Each structure stands twice: as C-alpha cells, then as structure tokens.
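So the sequence lines, in the order shown, correspond to chains C and X.
With the working numbering as the guide, the letters of the first sequence map in order to residues 218 to 636.
With the working numbering as the guide, the letters of the second sequence map in order to residues 218 to 636.
Using N, Cα and C, we set each Cβ at its ideal position, and we do this for glycine too.
Note that the coordinates shown come from a computational prediction; the quantities given were computed from them, not determined experimentally.
Number of protein chains: 2
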Amino acid sequence: MINASIITIGDELLIGQVIDTNSAFIAQQMNLAGFSVIRRVAVGDDYNNIRTALDEEKKYADIILITGGLGPTADDITKPLLCEYFGGKMVVDEDTYANVRHLFENIFKIPFTERNRMQAEVPDICTVIQNKKGTAPGMLFTEKVGEREKIFISMPGVPFEMMAMMTDDIIPYLKQKFTSTHIVHRTLLTAGVGESMLADMISDFENNLPKNIKLAYLPSYGMVRLRLTATGENTIAVEESIDEQFAQLKKLTAEHLVTDVDETMEKTVGKLLIQRGKTMSTAESCTGGYIAHLLTAMAGSSAFYNGSIVSYSNEVKEKILGVKKQTLDTVGAVSEEVVKEMATGALKNINTDYTIAVSGIMGPDGGTTDKPVGTVWVCVGSNEKLITHKFTFRFDRERNIRLTALNALNMLRKLILAN
Amino acid sequence: MINASIITIGDELLIGQVIDTNSAFIAQQMNLAGFSVIRRVAVGDDYNNIRTALDEEKKYADIILITGGLGPTADDITKPLLCEYFGGKMVVDEDTYANVRHLFENIFKIPFTERNRMQAEVPDICTVIQNKKGTAPGMLFTEKVGEREKIFISMPGVPFEMMAMMTDDIIPYLKQKFTSTHIVHRTLLTAGVGESMLADMISDFENNLPKNIKLAYLPSYGMVRLRLTATGENTIAVEESIDEQFAQLKKLTAEHLVTDVDETMEKTVGKLLIQRGKTMSTAESCTGGYIAHLLTAMAGSSAFYNGSIVSYSNEVKEKILGVKKQTLDTVGAVSEEVVKEMATGALKNINTDYTIAVSGIMGPDGGTTDKPVGTVWVCVGSNEKLITHKFTFRFDRERNIRLTALNALNMLRKLILAN
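Shown next, in the form of structure tokens:
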C-alpha cells in the first residue's frame, strides 16, 4: 500500500480566511487512483514550519503532495525553499518562460514584468510539470530516505490550476510509477433518519463485515451518507466482495434510501426528471434562490429546470406568484396557505410539471412565539396534487437554509416517485 | 506567543468526501483571540495515526484543538483513544447524561437507546465541556511535556456544535488561562486588478513594512484581498502602527478598492443600499439564483433585496421579464439587448431602485464560435440608467458562475456610488 500525505501552504489557511478545498480534491483523486492519503497538514508561509512539515511527512508517506506558495508575490516562499531543501539552484526553464510570456501577452493582455520572469525560474534538480491554466509551474523532486525513494510534488495553490495538473499529469504519472492497491468505495445517501437510529438498524451488518471492508457514516444537513470502502490486491475479488455487502446495506436502509451512487440530492432529483421527460420550477422565499442555485450549478440542468421566482418581498409573492393579499394578511407569509398559493402560481407562471415552494423564518431575527426561528412551510406539487409539510429547524441561518432546500428536494423526489 | 495546532479526525477528510470547514472556523477564532495557529493536521479514523498526530502536535504547540470522531457510531474511535492516551477510564458524566436524554426525548423526539447512553461516557481524567447543541460532550485534558503544560481540547465534528463550544466556552477559557500576544489584522478587498499588477503597485510599501507587520495576498474569483497582520505585546502600539500602514495601503490601492473591512462584496453592496435607503432585485439566467443566494444568505437582507426572477428558460424571460421574442430570435439570449430587456423587466416587475441582469454560457457545453463558453453579458441599472458589460471568462462552470456574480455585484456597487 502506497501512502500519501498532503501539505498545503499559506498563512490564509491558518487564520481561517479561506477554506481549504484543494486538499479535498487532491485526496479524492488520490483515492480514486488507489493511493491512501494518511495525513493532511497545513502550515503558514513560514520557512521553518514548511521545512518541518517536509521533514515530518516524509517519515509517514512515500508521496508528498504540496500545494500553495508558488505565486509571484513576496509572501510566497515555497519555490526557493524547495530548491534549497533538495540542494539545487534556480534556473529559468525555457518552456515555463514561453508559457508565462504567452499568458501575459495573449491571454491576460497585461504587461509582462520582471516579477513575472521570476515565475519561470525553477530549481535545476526538479522535473518541471507545465501549468496549462496559469503561470506557476509544478515541480517534482525525489529523495532517497533509507531504502525508499520519496516523491515530492509541488503544485500551485490556485484551485483550477492545481486541479488540471493533478488530473492530467500527476495522477497518470503516479499510477504508472506505482502498482497500487485496489481501493473501491460504494456510497449511498439516506434522508429522514438520524445517525444513531441508522447505526442501530445496521449494527449486525456492521459487526459482520469482512476485515478488508470499512463502513463510515457521513452525516450532513439532515441526511446521512454511508460509505463502504474495500481494499485488496485482487481487483475482481475486491469488487465482488464490496458489491455483495453493498447490496445488503441497500436492503437494510431501503426505507430511507435516496440514491445508491455517490451523488447529491439535487442530482438525484434532476436525473429522475430527465428520465421521465418532466420539468420543474421553484418559488423561493426563505431559501432566497439557494434551491435554484443547487440545481443550476449542475451542467445540463436546463433540460429539466425552467426557473425560479425568488419572492423575498410580499409584493413579489402577490404580483408575480399571485398569492392573495388576504391570505398574507390573515395567516402571514410563513403558512401552509401561502406556500400552496406560491406553488400554484409557480406551476402556472413558469409552466412546469413540478414545483417547490418554500417560506420560513431563517433567523437570527424574525421569530415569534407562534413561529420561532426555524419554522418552515414547504409545498411540493404538480398540477394534480400539492403536498405540504411544516419543518421546525433549530439551527443557524446558513444551516436552516440548507436543511430547507434539501428536505424540500427530498419531498419532491418522493412525489415524483409516487407518480 | 502561544502556539496552537488543530487536529481534525475523520476518514471522510482523507478521501475528500467532505471539505474541512471546521479548521477554518477554529483558526479564525484563535487568531481573533490572539493565539497563533501554526499547524493544522487531518488524520483518518485510525488508532495509530491519531496517536501519532497527538505525539507530533504536542511537540510544536501548547494548545492542541481536536475535532471530529466523537459521534455514536462505530467509526468514531477518538473518545476511548483519548481516554487511554491520557491514562483514564470511562465513566458516565451525570450532566452529559441528562443533556443527551433531554435532547432525545424532548427535542429530537426519538427513542433513547443504549448506544446513546454511551455518548454520556467520558474519561474520568478530563474536564467535561457541555455540548449545548448536540449530544457529544467536549473534553479538556492537560499533560506536562518537559517544563510546559500542554492543553488538549476535543470537540465534536458537527460544525454548529463545535462552533458554539468554541465561541462560548473554549475561547473564554483560553483567554483567561493565557496572557496572549496581541495580533491585529486589517484587510481590504480589491477588484479588477491581478495579483502581480497589485504587487508591482505596492512593492515599495511592502519592502518598507516594519518587522512586526506582514502583508498577505489572498486572490479569489477576480478579486484580491490584501491583509496586514501586526503582532506585539503592547496593544496600543500595535494598533497605531497597523492603522498607519493600513491608511497608506488604502491610498496606494484606492483605484481598485472595494472595501476596507474584512467583508464580502455582497455585504459591501448591501450596506451601501441600506445607507441610502434603496432596494435592488436580480434577473438571473446563467447564474441561476446564485446572486440571490449570496445576498439572502446575509441576515437582514430583506431590508434592501426584494427578489429575483431566475429565468433559466427563454419562456420565463419572455413571460415574466417581458423580453421580446424577436430579440431572443435575432440576437440570442446571450446578448446586450436581452440583458437590457431583462433588467428593464426586473425593475418594473419587482419594483426596485436598482437591478442586476445576467445572461451567459457557463459551460461545459453550449459554447459556439461566436459565443464561446465563458461569454457573459451583464446589465446593472436603475430607472434612469442601464450599464452593460461583456465578460469573457475562461474557466469551469462553478468558477464562471462565481466570477459572473461577483463582477456583476461590483458593477452595481460602482453604479450606486456614481449616483
């Protein structure tokens, strides 16, 4: 089994100003390729701390993937540090120079400065990995530690540059270099059941799993993802064994099962609609366009999604969705009647087969004794049928918005399946 | 200077199935309180790797903050491991038991099982930190390493449970326990200028910064955040010195300055509108509700934001926004004419002072020779004036959506300021 470790570099990671999405992507790609990521470390733009991280991680891993700290500005110290760490000297790499110059003059259309020239310098003891999406090149170093050859690969920190390099160059290189253990994941998504209840439902199954298969619970926003991971040398045996266990797990969780592939709730709903040639719309008050965003963030969503009325003000509810003023005045915007009228208005005005309408109080302000923060009415419907449900969430604004969106999508999923 | 390290535990972090937002939050809170986070480490639910992380991190830090691995399911091994690591034995904690039982019976309204009882067990050698938002208690351990007392605090991995514990209990405790170095950050946001250009503009400034002040560049989605960080023992001296430098930095970047506080573009726009008592709406095609979501994710946005028409289909553009069929047929949905008609329709139908309308091709499909993927038309306007701009982004769908939203908000910001 080949172990890998990820080092991310940048002060911004240690003061919490940005969230580290790079590590997640790198880990994902490595796992799919059959490598095991055993540690992830983040350190600041600090000479000693970066050196310590290199010293430490090579004790635990054969592959050390490094990202960040390669940009053109003074707080990026990684490149010269790596050069020194592996005992090289800086030289201009011709291919990198041509790439940087081309990007500046033809793509960015901004002047090429001396500072940018430095971006074409690399340590003379590394193998350069060209950056197709930006200026900072990737660099591959090797070092003998005891009997083992350790591989260090440094990538830029800009996510889409790192991603292209990882997918197009680094993964193919590592796969070719190492005969890796076969790792297979199978994931299913449940909704409407808590982690402990689920654990009780499948405890016999879990206790009887073969040694090479692990089960993990990944709870998020009212849903729980269950993941089986199998490892082994024999591809066919690993696949057969995990398929058998996964079939059993699906049976045990059938009542709460949303999907048996590793995909999101919105993807599941989208696929159902496309299979049936149906369309949907949304009428969103409290989620403020978040359901629309979840759906349209997926490529190809225009095949089933026509649009949303984000009716954040009552005026929009009345004028565009046709909610009656009288309804708003008597029962208020957060009510069963209003979400039904919103749904009816959306079906008519956006002209779709299905719709979702939501209205609620997301917090931190706006709650009352009758309708505390977290009170949400959801209506899902078609021209034949409207189904409503009242939720009471107990969380912060962000979480309430996400929970509302995912529970509403799950209600729609059930309605589509029932038809 | 008191150093801290963060250990996050969970296989899901190492296969990349979830993004680690907990570390960012913890780091943020620690920095605000004057502690320096020097390392962040993620390890899987693996006995040896967790022990190794504890052994390692106590070499570098005085405070070790641990999150994850405390849930009720079999893949959570942290609690018994910590018990053994610090040499204690598991006992039921009365307060925790009462809390867990109360949550199950009165809040979750689901049966209390034997598995949940285990959640009330804690090592007898820790100080328990009650979890006000969930079942898994926090635990504080101390260990003498050489001359120094090291503090280990274990928190649940569920973000909102961890956040409440961090803010309400752990930060106040640590502040009281340690006299910490004063750390001050000042951050400004620029838009419309690249990182290298900016670096050239302020290189003299950067080279002349006092030793206790650091400058960092944080580029994201067409904007660059610049952060000054000052450290020192004397609160007043640190504040004075950073204020002086920050004033200079603002002058140097004035042309591209969006805001001089650490806030988002959407927050800046929202504040401007509230100050002036104005309202806005959006008409979104290619961003699919993302601009609406950015705005409504902020508490209090109903004070200036009335709603959005997410016109993902041409039918919605015509029927609800009043875009002319002839315009769509002759110049196509991604055109200056269409975003102008969308903006006019939004201003009229949603009845606001300002509006943003966007239409573009986000990819990966849908591009043509004339209008490749990344082509976006934006119109911002009021009843007096419409301003349009064509952008050509070169990225993936997610990035194109974000770039469109942030550039459109920046255009609106400039229009509001010009009025």
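Look at Gly285 of chain C and Gly227 of chain C and say whether their C-beta atoms are less than 8 Å apart.
-> Yes; because the gap between Cβ atoms is below 8 Å, this pair is in contact.
Measuring only between beta-carbons, confirm whether Asn429 of chain X sits less than 8 Å from chain C.
-> Taking Cβ atoms only, chain C never reaches closer than 8 Å to Asn429 of chain X, which makes this a no.
Cut-off 8 Å between Cβ atoms - residues of its own chain near Thr269 of chain X, not counting five sequence neighbours on either side = Val260, listed in sequence order.
Starting from Asn220 of chain C, trace the beta strand (DSSP E) both ways and give me its first and last residue.
-> Looking at the DSSP string, the run of the beta strand (DSSP E) that includes Asn220 of chain C is 220-226.
For Thr384 of chain C, which of C:Gln246, C:Pro373, C:Leu511 has the nearest alpha-carbon?
-> Nearest of C:Gln246, C:Pro373, C:Leu511 to Thr384 of chain C, Cα basis: C:Gln246.
Residue from C:Val593, C:His319, C:Lys428, C:Gly409 with nearest C-alpha to Pro436 of chain C | Per the Cα distances, C:Gly409.
Give the residues of chain C in contact with Arg614 of chain X, contact being defined as C-beta atoms less than 7 Å apart.
-> Near Arg614 of chain X (Cβ distances below 7 Å), the residues of chain C are Ala516.
How is the beta strand (DSSP E) around Pro436 of chain C delimited, first residue to last?
-> 430-437 is the span of the beta strand (DSSP E), which, as asked, contains Pro436 of chain C.
Run down chain X in chain order and give the residues with a C-beta less than 8 Å from the C-beta of Phe377 of chain C.
-> Correct list: Phe612, Asp613, Arg616.
Please work out which residues of its chain come closer than 7 Å, Cβ to Cβ, to Tyr529 of chain X, disregarding the five sequence neighbours upstream and downstream, and give them in chain order.
-> Around Tyr529 of chain X: Ser502, Gly505.
Under a three-way DSSP split, which group does Ala471 of chain C fall into?
-> DSSP, read as helix, strand or coil, puts Ala471 of chain C in helix.
Counting pairs of Cβ atoms below 8 Å between the region 337-352 of chain X and the region 615-625 of chain C, do you hit three or more?
-> Judged by Cβ distances under 8 Å, the region 337-352 of chain X makes no contact with the region 615-625 of chain C, as fewer than three pairs qualify.
Which chain C residues sit within Cβ distance under 7 Å of Ser413 of chain X?
-> Within 7 Å Cβ-Cβ: Pro289, Thr330, Arg332, Asn333.
In angstroms with no decimal places, state the Cα-to-Cα distance between Cys300 of chain C and Met307 of chain C.
-> The straight-line gap from Cα to Cα measures roughly 7 Å.
Would you identify the three-state DSSP class for Ala614 of chain C, choosing helix, strand or coil?
-> The amino acid occupying residue 614 of chain C in the given sequence is Arg; Ala does not appear at that position. For Arg614 of chain C, the three-state secondary structure derived from DSSP is helix.
Using 8 Å as the threshold, is the region 388-405 of chain X in touch with the region 444-461 of chain X, meaning 3 or more CB pairs across them?
-> Enough Cβ pairs lie closer than 8 Å, so yes.
Any idea what DSSP makes of Leu538 of chain X, helix, strand or coil?
-> Leu538 of chain X falls in the coil class under three-state DSSP.
Could you tell me how far apart the beta carbons of Gly355 of chain X and Ile370 of chain X are, in whole angstroms, since I believe they sit closer than 8 Å?
-> About 7 Å separates the two Cβ atoms, so the contact holds.
Between the Cα of Ala560 of chain C and the Cα atoms of C:Tyr264, C:Thr572, C:Thr295, which residue gives the shortest distance?
-> Looking at the Cα atoms, C:Thr572 is the closest of the given residues.
Tell me which same chain residues have a C-beta within less than 8 Å of the C-beta of Glu273 of chain X, skipping the five on either side of it?
-> Answer for Glu273 of chain X: Val258, listed in chain order.
Are there 16 or more other CB atoms within 10 angstroms of the CB of Met628 of chain C, so buried, or fewer, so exposed?
-> Residue burial annotation: Met628 of chain C is buried, with at least 16 other C-beta atoms found within 10 angstroms of its C-beta.
If you count every other CB in all the chains shown that lies within 10 Å of the CB of Asp312 of chain X, and 16 or more means buried, which is it?
-> Within a 10 Å sphere around the beta-carbon of Asp312 of chain X sit fewer than 16 other beta-carbons, which makes this residue exposed.
Give the residues of chain C in contact with His399 of chain X, contact being defined as C-beta atoms less than 8 Å apart.
-> Within chain C, no residue comes near His399 of chain X; the closest Cβ sits about 15 Å away, beyond 8 Å.
Sequence-distant residues of the same chain with beta carbon closer than 8 Å to Arg256 of chain C, five excluded per side = Counting only Cβ-Cβ distances below 8 Å, and skipping sequence neighbours, we find Ser222, Ile223, Glu274, Tyr277, Ala278.
Could you give the distance in angstroms between the alpha-carbon of Tyr302 of chain X and the alpha-carbon of Leu271 of chain X?
-> One C-alpha to the other measures close to 9 Å.
Establish whether the CB of Lys229 of chain X and some CB of chain C are separated by less than 8 Å.
-> Here residue 229 of chain X turns out to be Glu, not Lys, going by the sequence shown. Interface residue, yes.
Work out the CA separation of Thr359 of chain C and Phe395 of chain C for me, nearest whole Å.
-> A straight line joining the alpha-carbon of Phe395 of chain C with that of Thr359 of chain C spans about 14 Å.
Spatial neighbours of Ala416 of chain X in its chain, beta-carbon cut-off 8 Å, leaving aside the 5 residues before and after | If we look at Ala416 of chain X and ignore the five residues flanking it on each side, its Cβ neighbours are Glu423, Tyr434.
Residues of chain X with CB under 9 Å from Glu338 of chain C, in chain order?
-> None at all; the shortest Cβ gap to chain X is about 15 Å.
Run down chain X in chain order and give the residues with a C-beta less than 7 Å from the C-beta of Ile388 of chain C.
-> Against chain X, the beta carbon of Ile388 of chain C has no neighbour under 7 Å; the closest one sits roughly 13 Å away.
Given a limit of 9 Å on CB to CB distance, which residues of the region 252-273 of chain C reach chain X?
-> Here the close residues are Ser253, Val254, Ile255, Arg256, Arg257, Val258, Ala259, Val260, Gly261, Asp262, Asp263, Asn266, Thr269, Ala270, Glu273.
Listing by chain order, which chain C residues have their CB less than 8 Å from the CB of Leu435 of chain X?
-> Chain C residues near Leu435 of chain X: Glu229, Gln234, Val235.
What residues are listed by DSSP as bridge partners for Phe369 of chain C?
-> DSSP, once it has assigned bridges, lists C:Ile281, C:Phe358 as partnering Phe369 of chain C.
Positions along the region 538-566 of chain C whose CB lies within less than 8 Å of some CB in chain X = From the region 538-566 of chain C, only Asn566 have a Cβ closer than 8 Å to chain X.
Check distances from the C-beta atoms of the region 478-502 of chain X to those of chain C and list, in chain order, the residues that come in under 7 Å.
-> Those residues of the region 478-502 of chain X that come within reach of chain C (Cβ to Cβ, closer than 7 Å) do not exist; the list is empty.
Thinking just about the alpha-carbon of each residue, which of X:Arg318, X:Ser519, X:Glu472, X:Glu322 is nearest to the one in Gly487 of chain X?
-> Cα-wise, what sits closest to Gly487 of chain X is X:Ser519.
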